[in-house]
Amino acid sequence: MKKFVYADNSATTFMSDKALKAMFPFFKENFGNPSTLYSTGRNAKKALELAREKVAGCIGANSEEIFFTSGGSESDNWAIKGMAFAQMKKGKNHIITSNIEHHAVLHSVESLARQGFEVTYVKSDKEGLINPFEIEKAITDKTALVSIIYANNEIGTIQFIKEIGNICRTHGVPFHTDAVQAIGNLNIDVNKENIDMLSLSAHKFHGPKGVGALYIKKGIRILNLIDGGGQERGERAGTENIAGIVGMATAMEDACQNIDKKAENISKMRDRIIKELLKIEKSRVNGDIQRRLPGNINMCFEGIEGESLILRLDMEGICSSSGSACTSGALEPSHVLLAIGLPHEIAHGSLRLTLSEYNTEDDIDYILDKVPKIVDYLRKMSPLWEKIKTENLK
Numbered sequence: 145m146k147k148f149v150y151a152d153n154s155a156t157t158f159m160s161d162k163a164l165k166a167m168f169p170f171f172k173e174n175f176g177n178p179s180t181l182y183s184t185g186r187n188a189k190k191a192l193e194l195a196r197e198k199v200a201g202c203i204g205a206n207s208e209e210i211f212f213t214s215g216g217s218e219s220d221n222w223a224i225k226g227m228a229f230a231q232m233k234k235g236k237n238h239i240i241t242s243n244i245e246h247h248a249v250l251h252s253v254e255s256l257a258r259q260g261f262e263v264t265y266v267k268s269d270k271e272g273l274i275n276p277f278e279i280e281k282a283i284t285d286k287t288a289l290v291s292i293i294y295a296n297n298e299i300g301t302i303q304f305i306k307e308i309g310n311i312c313r314t315h316g317v318p319f320h321t322d323a324v325q326a327i328g329n330l331n332i333d334v335n336k337e338n339i340d341m342l343s344l345s346a347h348k349f350h351g352p353k354g355v356g357a358l359y360i361k362k363g364i365r366i367l368n369l370i371d372g373g374g375q376e377r378g379e380r381a382g383t384e385n386i387a388g389i390v391g392m393a394t395a396m397e398d399a400c401q402n403i404d405k406k407a408e409n410i411s412k413m414r415d416r417i418i419k420e421l422l423k424i425e426k427s428r429v430n431g432d433i434q435r436r437l438p439g440n441i442n443m444c445f446e447g448i449e450g451e452s453l454i455l456r457l458d459m460e461g462i463c464s465s466s467g468s469a470c471t472s473g474a475l476e477p478s479h480v481l482l483a484i485g486l487p488h489e490i491a492h493g494s495l496r497l498t499l500s501e502y503n504t505e506d507d508i509d510y511i512l513d514k515v516p517k518i519v520d521y522l523r524k525m526s527p528l529w530e531k532i533k534t535e536n537l538k
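Our numbering numbers the first residue of the sequence shown as 145 and each following residue consecutively.
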């Protein structure tokens, strides 16, 4: 019997009932502009500042260090470009990042390179880990910023953020991390981990789309990305999306409660899928097995096309991905899979399943029933698989 299983939570999540309920009053009754002086506006302002406190509390920050944005991409762009141009005034024009970043970071850095900035891309190892000492070796007296993803959106590998932050702090270099996939899945404390700027996005932890935040440590100065009115203490112009911000804060607070227990349960489902799918001939797991997001399963199956696998799974009611959602329409294999050393022909056969606390053991049973059958079906039609089998017999 066909059922519906959503297993693409790294792409987006559905909104939680708590977040949706919290948002409702700010569409009608409390619709005021928080910049106005009358009571309707003041009520919106109170809700805005309460949301700021909730978001800050989830990452160990102070409320005045939280700035609301339209999402993770804007936060990444603002952190990177804002810091780069602020530092350029001090004669610093060197950016350090990695070759497995989200495109919001990579394209921001590429934009800076076209404007004369020098960029060093630290390479990951075959598990997707960045060696903190490679970052330290790359730092010069011209380094304006280090930006390293907290946990990879495709292969789930969790970086040594505290160690990287400590190195940056020692050398006096600002450190930014894209934590879009980590928030709601991992315990994060920006002070203990020496993080100067952190990006997050609501729709990754059961909040609404189109709203996010950038944490900027007190004392860190970056240039504005969006100019206009004096919202967000003059740092980010535009009337605040109160309903979205309230929904994000509610979802984030909920996601961060009992986070260890939830992660443990999700990890058990993740490990069960990996264990069973590795029984498929010529399959492999991508990313570090131990330092991994709780719900991330990224695997390759030789001899098939990932796009065909995704479409067949969709026909069975399973939502999955062959890479990040932002590039799922592309024919090229994931830049992350290529960066960790996979050849094109293997990287093309990738499958990403990402689970949340709302997935069940019945969902896992269904996935484990359908994936091996579809892989077998696709391989029977694949000339590439016939070639692989023939070469194995030689």
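Don't be surprised by glycine CBs; every beta carbon is placed ideally from N, CA and C.
Going by DSSP in three states, I274 sits in which element: helix, strand or coil? Taking the sequence shown and counting its residues from 1, the one referred to as residue 274 is at position 130. Three-state DSSP puts I274 in coil, outside helix and strand.
Using 10 angstroms around the beta-carbon of N335, count the other beta-carbons present and answer buried if the total reaches 16, otherwise exposed. The count along the sequence shown starts at 1 and reaches residue 335 at position 191. So N335 counts as exposed.
Can you tell me whether R456 is helix, strand or coil according to DSSP? Within the sequence shown, numbered from 1, the residue matching residue 456 stands at position 312. DSSP places R456 in helix when its eight states are reduced to three.
Just to confirm before moving on: does the CB-CB distance between T157 and F349 stay below 8 Å? Within the sequence shown, the letter at position 13 stands for residue 157. Within the sequence shown, the letter at position 205 stands for residue 349. Yes, they are a contact pair.
Looking at the secondary structure, which residues open and close the alpha helix (DSSP H) in which T241 lies? Locating residue 241 in the sequence shown gives position 97, where the first residue counts as 1. Careful: T241 lies outside any alpha helix (DSSP H), inside the beta strand (DSSP E) at H238 to S242.
Please look up how many angstroms separate the CB atoms of V324 and L344, rounded, as I've assumed it's under 8 Å. Residue mapping note: residue 324 aligns to position 180 of the sequence shown, counting from 1. Residue mapping note: residue 344 aligns to position 200 of the sequence shown, counting from 1. Indeed, because the Cβ distance is near 6 Å, the residues count as touching under 8 Å.
Give the range of the beta strand (DSSP E) segment to which T321 is assigned. On the sequence shown, residue 321 is found 177 positions in, with the first residue counted as 1. Run containing T321: F319 to D322, per the beta strand (DSSP E) assignment.
Would the region 355-372 count as touching the region 164-181 if we require 3 or more Cβ pairs under 8 Å? no
Which runs of the beta strand (DSSP E) at least 3 residues long sit entirely within the region 473-527? Give them in chain order. 494-498
Could you tell me the alpha carbon to alpha carbon distance between Q401 and G201, rounded to whole angstroms? In the sequence shown, counting from the first residue as 1, residue 401 sits at position 257. In the sequence shown, counting from the first residue as 1, residue 201 sits at position 57. If I take the Cα positions, the gap works out to 11 Å.
Residue environment, K198, which counts as buried when at least 16 other CB atoms sit within 10 Å: Working through the sequence shown from its first residue, we reach residue 198 at position 54. Flag for K198 reads buried.
Residue closest to K236, alpha-carbon to alpha-carbon, out of E209, N296, K286 and H246: The count along the sequence shown starts at 1 and reaches residue 236 at position 92. Of E209, N296, K286 and H246, the residue nearest in Cα terms is K286.
Taking only runs that begin and end inside the region 298-365, name each unbroken alpha helix (DSSP H) of 4 or more residues, in chain order. 305-315
How long is the line joining the alpha carbons of T321 and T534, rounded to whole angstroms? By 1-based counting over the sequence shown, the position of residue 321 is 177. By 1-based counting over the sequence shown, the position of residue 534 is 390. Taking the straight line joining both Cα atoms gives about 46 Å.
Between which residues of its own chain and R416 is the CB-CB distance below 7 Å, once the five residues before and five after are set aside? Locating residue 416 in the sequence shown gives position 272, where the first residue counts as 1. Cβ neighbours of R416 beyond the five flanking positions: I508.
Residues in the same chain with beta-carbon distance under 6 Å from I366, minus the five sequence neighbours each way, listed in chain order, please. By one-based count along the sequence shown, residue 366 stands at place 222. Within the same chain, I366 has close Cβ partners G226, M227 and A230.
Return the chain-ordered list of same chain residues with a C-beta closer than 6 Å to the C-beta of R313, the five sequence neighbours on each side being excluded. If you number the sequence shown from 1, residue 313 lands on position 169. Cβ neighbours of R313 beyond the five flanking positions: N338.
Taking Cβ positions, are S242 and V266 nearer each other than 8 Å? Here the question's residue 242 lines up with position 98 in the sequence shown. Here the question's residue 266 lines up with position 122 in the sequence shown. Cβ distance < 8 Å, so S242 and V266 count as in contact.
R377 (DSSP reduced to helix, strand or coil): For this step, residue 377 is matched to residue 233 along the sequence shown. If DSSP states are grouped into helix, strand and coil, R377 belongs with the helices.
For Y502, does the count of other Cβ atoms within 10 angstroms reach 16, so buried, or fall short, so exposed? In the sequence shown, the residue the question calls residue 502 occupies position 358. Looking at its Cβ environment, which holds fewer than 16 other Cβ atoms inside 10 Å, Y502 is exposed.
Quick one: give me the first and last residue of the beta strand (DSSP E) that L289 is part of. Residue mapping note: residue 289 aligns to position 145 of the sequence shown, counting from 1. T287 to S291 is the extent of the beta strand (DSSP E) around L289.
For the beta strand (DSSP E) containing N440, name the first residue and the last one. Along the sequence shown, read from residue 1 onward, the residue named residue 440 stands at position 296. Where N440 is concerned, the enclosing beta strand (DSSP E) stretches over N440 to F445.
Three-state secondary structure (DSSP) of F171: Counted from its first residue, the sequence shown places residue 171 at position 27. F171: coil per DSSP, three-state reduction.
Helix, strand or coil for S466 per DSSP? By one-based count along the sequence shown, residue 466 stands at place 322. If DSSP states are grouped into helix, strand and coil, S466 belongs with coil.
Simplified DSSP state of S179, which is helix, strand or coil: For the purposes of this step, residue 179 is taken as the residue at position 35 of the sequence shown. Three-state result, S179: coil.
Looking at L512 and E420, is the spacing between their C-beta atoms short of 8 Å? Here residue 420 is taken as the residue at index 276 of the sequence shown, counted from 1. Here residue 512 is taken as the residue at index 368 of the sequence shown, counted from 1. Cβ atoms of E420 and L512: closer than 8 Å.
For my contact list, A191 and F212 are in at a C-beta cut-off of 8 Å; report their separation, rounded to the angstrom. Taking the first residue of the sequence shown as 1, we reach residue 191 at position 47. Taking the first residue of the sequence shown as 1, we reach residue 212 at position 68. Incorrect: roughly 12 Å between the Cβ atoms, too far for contact.
Please report the straight-line C-alpha distance between R196 and N174, rounded to a whole angstrom. Taking the sequence shown and counting its residues from 1, the one referred to as residue 196 is at position 52. Taking the sequence shown and counting its residues from 1, the one referred to as residue 174 is at position 30. The straight-line gap from Cα to Cα measures roughly 17 Å.
Just checking, does the region 422-439 make contact with the region 290-305 on the three C-beta pairs under 8 Å criterion? yes
Whole angstroms are fine: how far does the CA of N153 sit from the CA of S179? Along the sequence shown, read from residue 1 onward, the residue named residue 179 stands at position 35. Along the sequence shown, read from residue 1 onward, the residue named residue 153 stands at position 9. Roughly 35 Å between the two C-alpha positions.
CA-CA distance, I386 and N440? Position 242 of the sequence shown, counting from 1, holds the residue named residue 386. Position 296 of the sequence shown, counting from 1, holds the residue named residue 440. One C-alpha to the other measures close to 31 Å.
Helix, strand or coil, according to DSSP, for R583 in the structure here? Limits of the chain in this structure are 145 at one end and 538 at the other, which puts residue 583 out of reach.
State the start and end residues of the unbroken beta strand (DSSP E) segment that holds T213. Counted from its first residue, the sequence shown places residue 213 at position 69. That run of the beta strand (DSSP E) goes I210 to T213.
In whole angstroms, what separates the C-alpha of M145 from that of D161? Mapped onto the sequence shown, residue 145 falls at position 1. Mapped onto the sequence shown, residue 161 falls at position 17. Rounded to the nearest angstrom, the two C-alpha atoms are 28 Å apart.
Based on the DSSP secondary-structure assignment, which residues constitute the bridge partners of Y265? Along the sequence shown, one-based indexing puts residue 265 at 121. Note: Y265 sits in a beta bridge opposite T241.
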